[in-house]
Each structure stands twice: as C-alpha cells, then as structure tokens.
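Undergrad: Structure incoming, see below.
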C-alpha cells in the first residue's frame, strides 16, 4: 500500500510575531512546544504576507489569491465565501473531513459564513478573550465560559475525537484559528502573574526618530509610548514615569509585552495539547502540522505595536511545518514564500489539484528539500490598502522585496477602498539595502549609488503588478 493521504492540522495565531517564537532566535523565548515543530520539521525564515492585516491575510490563506482577486482588501471588506472556492472545500470534495474552530473575521451571515467545512464554530468578529460567544453553522450562537485560547483548543480536540469515532478511515483537515495574541492582550487567569525578563528589554530601534524615511513612518499612530490606551496597558502609570516621555515609553513597553507574551504562552500550551493528542492516537507521522500567524507584529521595533507596514517585523510571518514522512527534522528554508502559497501547498500535500485562479506556488518541493531555492521566486509583491484609517493612520502602499533590497511606494490614496480615507497625500518612495541596513532605518531611494537598483526594482514592481492583475491608479 502507498503512503496514506496526510491529515492536515493548520494552527493560525493572530499577530504572533516571529520575534516571539523562540526558534526564530528573537528575544522572547516563550514557545517551547511550538519550537518542537522546528526541531522535528522545517522552519521558514523568509515567509511573508501579501497584506499585513488580519482579514485580508485570512482570505489569502484560504483562497490562494491576492486581495485584489479575493476582494478582502481592508478590515471593512467582507469575504464572499459563496462566490469563490477555497482549499477546504476542495479537500472536502476529495474525501477529507474538514473543520474550522476559532477566529474567522471575514464577515458573518449568508455568503460571508465559512464554506467548505463539515463543521465550524467561530468567534464573531474579533471575539472576546473571556467567556466568548461562538457562532455555529446551524445559525446559532452561545457563550462558552472560559478562556478563548483554551476553548478553541478544547473544541478542536473534541472534533478530532468525534471524527475518529465516526469517520475513522477518512483523512481530515482542521484549521485552529486563535484570537491570541491580538489586542487588547488579555491573558488567562493562570498566567496573570507571569513575568518575563525580555519584556523590559527595549529593541535597538525603540527610540527611532523616523528620519531618512518617508513621512508615513513618522505620521503613523502606533507608538508604544504615545498611542497605547489605558485599556491596552491595564491601568495608569506610576507617578515616577509620567514626567519623562522616555521613561513612560519604557514602562508602556514592559506592560504591553508582558500581557502579549502571557497570551502567547496560552497559545503554546494549546499547540502542545494538540501535538500530545497526535502522539496519543498514533497520528503524528501521518499528519502535516503547520503553525503560522496571519501576519507579523511590532514588539517595540521602531517604537511601534501593530503591523500594516511593509517593514520587516510586520511583513514576516512565522512558518513551521512538521510532516515526518516528507520533511527532514531540523531543516530550514530561506525561500521567499508567502501566505498566498499555503492553499496550493496544502492541496499538493493532499494530492488534490489546485485551481487555475490560485496565484501562489506549492512549497512541497521546498519541504522535501529538493534543490534548495533553485527555480523559486526571487521577488515578492506586497500591497496595504487601508489608507490613513482612523486608528493607526498608516498610508496605503505597495512594494517589492528581493533578498537584498526592498522598494516601497506610498501612492497617496485610498483608491476608493472601504475603511480607507480618501485624503490625498504626497506620493513617496523608500528603498532599503537589506544587507547594509537590515533594520530599515535609512532609505537610499535618492542616493545616486543606488540608481540602477531603483530602475530595476521599479520595473520589477510594475511587472509583478501586471502579472498578478493588480491595477494601481
């Protein structure tokens, strides 16, 4: 007999920065169970998103398409699940049992409900951390007492057991989608007193002055020391830090990161419970386990929290894949992979043909260690659409990234997108030499020494936009 079709366990956290996944070598090593996936599988070091925002990224993961194709360009644009197929539906048609538990965040009711799943139970919108309401596929809703991360894991384990009992011979695909560690970073009661030495260590760029870059960086409203609210920080600062902005910023960073990491610890525990279940049932060797986040997140780098920008910490997604029948333990890939590749990869692993409309590539050759990155893409395309939203005030932009360069174009308009201001702003550009300036502090866009790079990257940016069918006014 041949190798059985693998089960597929996809765990998608929300705003989990690679710098808060221990195996990535960042300052916050609080994920021992997630880190085992890198030990026993492959760690991708250059995985990026195509739009660093929750709903758009989730639509891209499901459909294998960029946001101008799937229509979810901002937080205010809902997903029409009835009009476009996603990989879970293709898996189900091919005999897989499919389920989605946790955060959906793509709209609710009618065409916006999850599609292609034998079972789903999801949080409305962002959902609540404590005693959350869940929506069910029969149109109902109910409050479940407890902590959201634990409940999502509980429901996932219950579905796995039910599937094993009722459909023992069918492969399954389970999407476990956590709310954590999304803002406002409310930890479980058992973690409320956890402290971390790393939470008080400021990143090297924490007091960034935003010089030598586009005004978009200076104008963004995501500064830890200025824009976090009392709700975020869970109280008022001590009097001794109020008078000095730098002292207050350091205090706010510690408060922010402490609660953020407390939420991450609960996610790590949930992943551990799922991995323990696979070991106990003997399914570990036959299950692809993929751990990722919907985008990256700033943990004080450049003085920021949140995401949205094409800067490194926002762009990079953690991606760990364990599948003992294919992936060598402790392996690593620096290929420029994207969340738009996930759908085709999962389908390829399951032996299910992808759709022509899908715009990513299967990562299976990378997972199998076939030829390194030979023949893989050498550049990636990014577009953030939500121009000058009321809360974060980040300018809409697009860009291209290669291994050693990054070109960013702030095109100065919301282009009619819901949730985007139509205030016209100045068009600006940034060009970074990622080898000399990995922290992306100094744009060399106007440096004559980079004139050839600028011509080449502008042409590549336009080529990618044309190839993908994205029109920029």
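Residue numbers (this note's numbering): -14 to 458.
Note that the Cβ used here is the ideal one computed from N, Cα and C, for glycine as well.
The structure displayed is predicted, hence computed values, not measured ones.
Could you give the DSSP three-state label for residue 300: helix, strand or coil?
TA: Translated into positions along the chain shown, residue 300 becomes position 315. Here residue 300 sits in helix by DSSP.
Undergrad: Put residue 337 into one of helix, strand or coil per three-state DSSP.
TA: Here residue 337 refers to the residue found at position 352 of the chain shown. Residue 337 falls in the coil class under three-state DSSP.
Undergrad: In this structure, does DSSP put residue 357 in helix, strand or coil?
TA: Looking up residue 357 in the chain shown gives position 372. Looking at residue 357 - three-state DSSP - the assignment turns out to be coil, as it is neither helix nor strand.
Undergrad: Closer than 7 Å: is that where the CB of residue 51 sits relative to any heavy atom of the ligand MN?
TA: No copy of the ligand MN occurs in the structure displayed, which carries no ligand at all.
Undergrad: Could you pull out every residue in the same chain whose Cβ sits closer than 8 Å to the Cβ of residue 197, ignoring the five residues on either side in sequence?
TA: Taking the first residue of the chain shown as position 1, residue 197 is located at position 212. Cβ within range, chain order: 426, 427 and 428.
Undergrad: Please identify the residue among 268, 103, 385 and 264 whose C-alpha is closest to the C-alpha of residue 367.
TA: As a first step, residue 367 is located in the chain shown; it is residue number 382 there, counting from the start. It is 385 whose Cα lies nearest to the Cα of residue 367.
Undergrad: So is residue -1 buried or exposed if we call it buried at 16+ other beta carbons inside 10 Å?
TA: Here residue -1 refers to the residue found at position 14 of the chain shown. Under this definition residue -1 is a buried residue.
Undergrad: Once you ignore the five residues that flank residue 345 on each side, which residues in its own chain have a CB closer than 6 Å to its CB?
TA: Locating residue 345 in the chain shown gives position 360, where the first residue counts as 1. 49, 325, 326 and 329.
Undergrad: Taking C-alpha atoms, which residue in 394, 400, 402 and 398 lies nearest to residue 416?
TA: Stepping through the chain shown from its first residue, residue 416 is reached at position 431. Of the candidates 394, 400, 402 and 398, the one whose C-alpha sits nearest the C-alpha of residue 416 is 394.
Undergrad: Over what stretch of residues does the beta strand (DSSP E) that includes residue 84 continue unbroken?
TA: Reading the chain shown from its first residue, position 99 is the one you call residue 84. It spans 82 to 88 - the beta strand (DSSP E) in which residue 84 sits, taken as one unbroken run.
Undergrad: Could you check whether residue 200 and residue 424 sit closer than 8 Å to each other, using their CB atoms as the reference points?
TA: By one-based count along the chain shown, residue 424 stands at place 439. By one-based count along the chain shown, residue 200 stands at place 215. No, these two residues do not count as a Cβ contact at 8 Å.
Undergrad: Once the 5 residues before and after residue 470 are set aside, which same chain residues still bring their CB inside 8 Å of it?
TA: Limits of the chain in this structure are -14 at one end and 458 at the other, which puts residue 470 out of reach.
Undergrad: Counting only runs of 3+ residues fully inside the region 338 to 414, write out the beta strand (DSSP E) ranges in chain order.
TA: Counting whole runs of 3 or more residues, the region 338 to 414 contains the beta strand (DSSP E) stretches 365 to 369, 382 to 386 and 390 to 395.
Undergrad: Looking only at DSSP bridge pairs, what is residue 158 linked to?
TA: Locating residue 158 in the chain shown gives position 173, counting from the first residue. Looking at the DSSP assignment, residue 158 forms a beta bridge with -7 and 83.
Undergrad: CA-CA distance, residue 16 and residue 281?
TA: By 1-based counting over the chain shown, the position of residue 16 is 31. By 1-based counting over the chain shown, the position of residue 281 is 296. One C-alpha to the other measures close to 16 Å.
Undergrad: To the nearest angstrom, how far is the alpha carbon of residue 176 from that of residue 68?
TA: Along the chain shown, read from residue 1 onward, the residue named residue 176 stands at position 191. Along the chain shown, read from residue 1 onward, the residue named residue 68 stands at position 83. So the alpha carbons of these two residues sit roughly 42 Å apart.
Undergrad: With DSSP collapsed to three states, give me the class of residue 328.
TA: Residue numbering aside, residue 328 sits at position 343 when the chain shown is read from its first letter. Here residue 328 sits in helix by DSSP.
Undergrad: What number of angstroms, rounded off, separates the C-alpha of residue 288 from the C-alpha of residue 388?
TA: Counted from its first residue, the chain shown places residue 288 at position 303. Counted from its first residue, the chain shown places residue 388 at position 403. Spanning the two alpha carbons is a distance of roughly 25 Å.
Undergrad: Where do the ends of the alpha helix (DSSP H) carrying residue 440 lie?
TA: Your numbering for residue 440 matches position 455 in the chain shown. Start and end: 436 to 453.
Undergrad: Residue 459: which of 381, 445 and 433 sits nearest, CA to CA?
TA: Residue 459 is absent from the model: the chain starts at -14 and stops at 458.
Undergrad: I need the DSSP call for residue 170, collapsed to helix, strand or coil.
TA: What you label residue 170 is simply residue 185 of the chain shown in a count that begins at 1. DSSP places residue 170 in the coil class of the three-state scheme, outside both helix and strand.
Undergrad: Tell me the rounded alpha-carbon separation between residue 29 and residue 317.
TA: As a working mapping, residue 29 is identified with position 44 in the chain shown. As a working mapping, residue 317 is identified with position 332 in the chain shown. Near 6 Å, if we compare the C-alpha coordinates of residue 317 and residue 29.
Undergrad: Please report the straight-line C-alpha distance between residue 442 and residue 408, rounded to a whole angstrom.
TA: Along the chain shown, one-based indexing puts residue 442 at 457. Along the chain shown, one-based indexing puts residue 408 at 423. Whole-angstrom Cα-Cα distance: 27 Å.
Undergrad: How long is the line joining the alpha carbons of residue 111 and residue 209, rounded to whole angstroms?
TA: Here residue 111 refers to the residue found at position 126 of the chain shown. Here residue 209 refers to the residue found at position 224 of the chain shown. Computed Cα separation, rounded: 22 Å.
Undergrad: Please say whether residue 152 and residue 77 have beta carbons closer to each other than 8 Å?
TA: Translated into the one-based positions of the chain shown, residue 77 becomes position 92. Translated into the one-based positions of the chain shown, residue 152 becomes position 167. For residue 77 and residue 152, no; Cβs fall outside 8 Å.
Undergrad: Looking at C-alpha atoms only, which residue of 311, 8 and 274 is the closest neighbour of residue 158?
TA: For the purposes of this step, residue 158 is identified with residue 173 of the chain shown, where counting begins at 1. The candidate whose alpha carbon is nearest that of residue 158 is 274.
Undergrad: Could you give the distance in angstroms between the alpha-carbon of residue 115 and the alpha-carbon of residue 276?
TA: On the chain shown, residue 115 is found 130 positions in, with the first residue counted as 1. On the chain shown, residue 276 is found 291 positions in, with the first residue counted as 1. Approximately 24 Å, taken between the alpha carbons.
Undergrad: What residues are listed by DSSP as bridge partners for residue 29?
TA: For the purposes of this step, residue 29 is identified with residue 44 of the chain shown, where counting begins at 1. According to DSSP, residue 29 bridges with 304 and 318.
Undergrad: Please state if the CB of residue 101 and the CB of residue 314 are separated by a distance shorter than 8 Å.
TA: To locate residue 314, count along the chain shown from 1; it is residue 329. To locate residue 101, count along the chain shown from 1; it is residue 116. Going by C-beta atoms, residue 314 is not nearer than 8 Å to residue 101.
Undergrad: Helix, strand or coil for residue 200? Go by DSSP, reduced to three states.
TA: To locate residue 200, count along the chain shown from 1; it is residue 215. Reduced to three states, the DSSP call for residue 200 is helix.
Undergrad: So, at 6 Å on beta carbons, what are the nonlocal neighbours of residue 247 in its own chain, with the 5 sequence-adjacent residues on each side left out?
TA: Along the chain shown, read from residue 1 onward, the residue named residue 247 stands at position 262. Cβ neighbours of residue 247 beyond the five flanking positions: 172, 176 and 179.
Undergrad: Quick one: what does DSSP say residue -2 is sitting in, helix, strand or coil?
TA: Translated into positions along the chain shown, residue -2 becomes position 13. Correct three-state label for residue -2: strand.
Undergrad: Grouping DSSP H, G and I as helix and E and B as strand, with all else coil, what is residue 290?
TA: If you number the chain shown from 1, residue 290 lands on position 305. When DSSP states are grouped into helix, strand and coil, residue 290 belongs to the coil group.
Undergrad: Residue 499 lies in the beta strand (DSSP E); which residues open and close that run?
TA: Nothing about residue 499 can be reported from this structure: the residues present for the chain run from -14 to 458 only.
Undergrad: Do residue 58 and residue 323 come within 8 Å of each other at the CB atom, strictly closer than that value?
TA: One-based indexing of the chain shown puts residue 323 at position 338. One-based indexing of the chain shown puts residue 58 at position 73. Cβ atoms of residue 323 and residue 58: not closer than 8 Å.
Undergrad: So, at 6 Å on beta carbons, what are the nonlocal neighbours of residue 351 in its own chain, with the 5 sequence-adjacent residues on each side left out?
TA: Here residue 351 refers to the residue found at position 366 of the chain shown. The answer, listed in chain order, is 318 and 320.
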